[in-house]
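Numbering (the numbering used here), first residue to last: 1341 to 1596. Built from N, CA and C at the ideal position, the CB exists for glycine as well. Here the structure is a predicted model, which means the values were calculated and not measured. Heads up: the structure comes next, in structure tokens.
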């Protein structure tokens, strides 16, 4: 069974078609990259998959279930987590509390159990803390667990966002330009981290401008231009596609 199946997905804003009849699939444990020039429709597509925007037409199936048009929280409860282009952390909270905040939608005990600190509540709190620390450790941030998010470097903040997404134990992780603002060393660390996420069995959809990251980590790549899919295939295959070179990569980017 495919992890994610996107079928003729379309989004129109009045007379403007931002995404037009886009199809692709992601298999279990696969990393798929979405690339294209500015205005290609990548963010619109990403938001439709995450439940932040309702498509005009087409369908999205996740693990065999039709999730088309579901709200973002409903999509998340089904096992899809996302990051954002711009960091969306709680700056005055610790890294640990930022990650803990992402786990509460899966909590089973209610406010009464919280008020009386029942055994079930305490056990669940222990589980939340373990999951949060595991996510921080995976993203090489355990030593910064009690630092406020605003005290972390930019690269560490980007990794913290990934830790937050991983804390919910998603089956599919949507990464929106995770390498934005990173230096080459941080970008290489990110590539290794994404590979490790895949090795844990999580499928990854990656929207990214940094071609070194895309070429280094993706199993397949989909290329959009003006909302239309113009190519799909292995990274090296796509990088040498004449149409992709013309509209996006440029000859220098391919030879670099």
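Nearest candidate by alpha-carbon position, reference residue i, set the options
| i | options | result |
| --- | --- | --- |
| residue 1564 | 1534, 1487, 1501 and 1381 | 1381 |
| residue 1577 | 1517, 1554, 1405 and 1429 | 1554 |
| residue 1562 | 1346, 1364 and 1423 | 1364 |
| residue 1342 | 1376, 1567 and 1402 | 1402 |
| residue 1516 | 1487, 1539, 1443 and 1501 | 1501 |
| residue 1505 | 1355, 1350 and 1479 | 1479 |
| residue 1408 | 1486, 1350, 1424 and 1523 | 1350 |
Residue environment, residue i, which counts as buried when at least 16 other CB atoms sit within 10 Å
| i | result |
| --- | --- |
| residue 1494 | exposed |
| residue 1481 | buried |
| residue 1536 | exposed |
| residue 1438 | buried |
| residue 1484 | buried |
| residue 1431 | exposed |
| residue 1497 | buried |
| residue 1385 | buried |
| residue 1440 | buried |
| residue 1443 | buried |
For residue j and residue i, the rounded distance between their alpha carbons
| i | j | result |
| --- | --- | --- |
| residue 1525 | residue 1579 | 23 Å |
| residue 1387 | residue 1585 | 26 Å |
| residue 1508 | residue 1361 | 31 Å |
| residue 1358 | residue 1434 | 38 Å |
| residue 1410 | residue 1422 | 15 Å |
| residue 1396 | residue 1353 | 9 Å |
| residue 1492 | residue 1587 | 37 Å |
| residue 1520 | residue 1499 | 12 Å |
| residue 1464 | residue 1472 | 12 Å |
| residue 1682 | residue 1503 | In the structure as shown, the chain begins at 1341 and stops at 1596. Residue 1682 is therefore absent and cannot be evaluated. |
| residue 1549 | residue 1487 | 30 Å |
| residue 1522 | residue 1531 | 12 Å |
| residue 1356 | residue 1582 | 27 Å |
| residue 1427 | residue 1567 | 25 Å |
Proximity of residue i and residue j at Cβ, strictly below 7 Å
| i | j | result |
| --- | --- | --- |
| residue 1419 | residue 1511 | yes |
| residue 1534 | residue 1544 | yes |
| residue 1558 | residue 1376 | no |
| residue 1392 | residue 1412 | yes |
| residue 1429 | residue 1390 | no |
| residue 1468 | residue 1400 | no |
Cβ separation of residue i and residue j, assumed to be a contact under 8 Å, to the nearest whole Å
| i | j | result |
| --- | --- | --- |
| residue 1476 | residue 1514 | Not a contact, Cβ separation roughly 20 Å. |
| residue 1574 | residue 1560 | 6 Å |
| residue 1371 | residue 1529 | Contact doesn't hold; Cβ gap of about 16 Å is too wide. |
| residue 1541 | residue 1369 | 5 Å |
Residue i beta carbon near the ligand ADP (any heavy atom closer than 6 Å)
| i | result |
| --- | --- |
| residue 1383 | The ligand ADP is not part of this structure, which contains no ligands at all. |
Residue-chain proximity (residue i, chain C), Cβ-Cβ < 7 Å
| i | result |
| --- | --- |
| residue 1588 | Going by chain labels, chain C is absent from the structure shown, which holds only one protein chain. |
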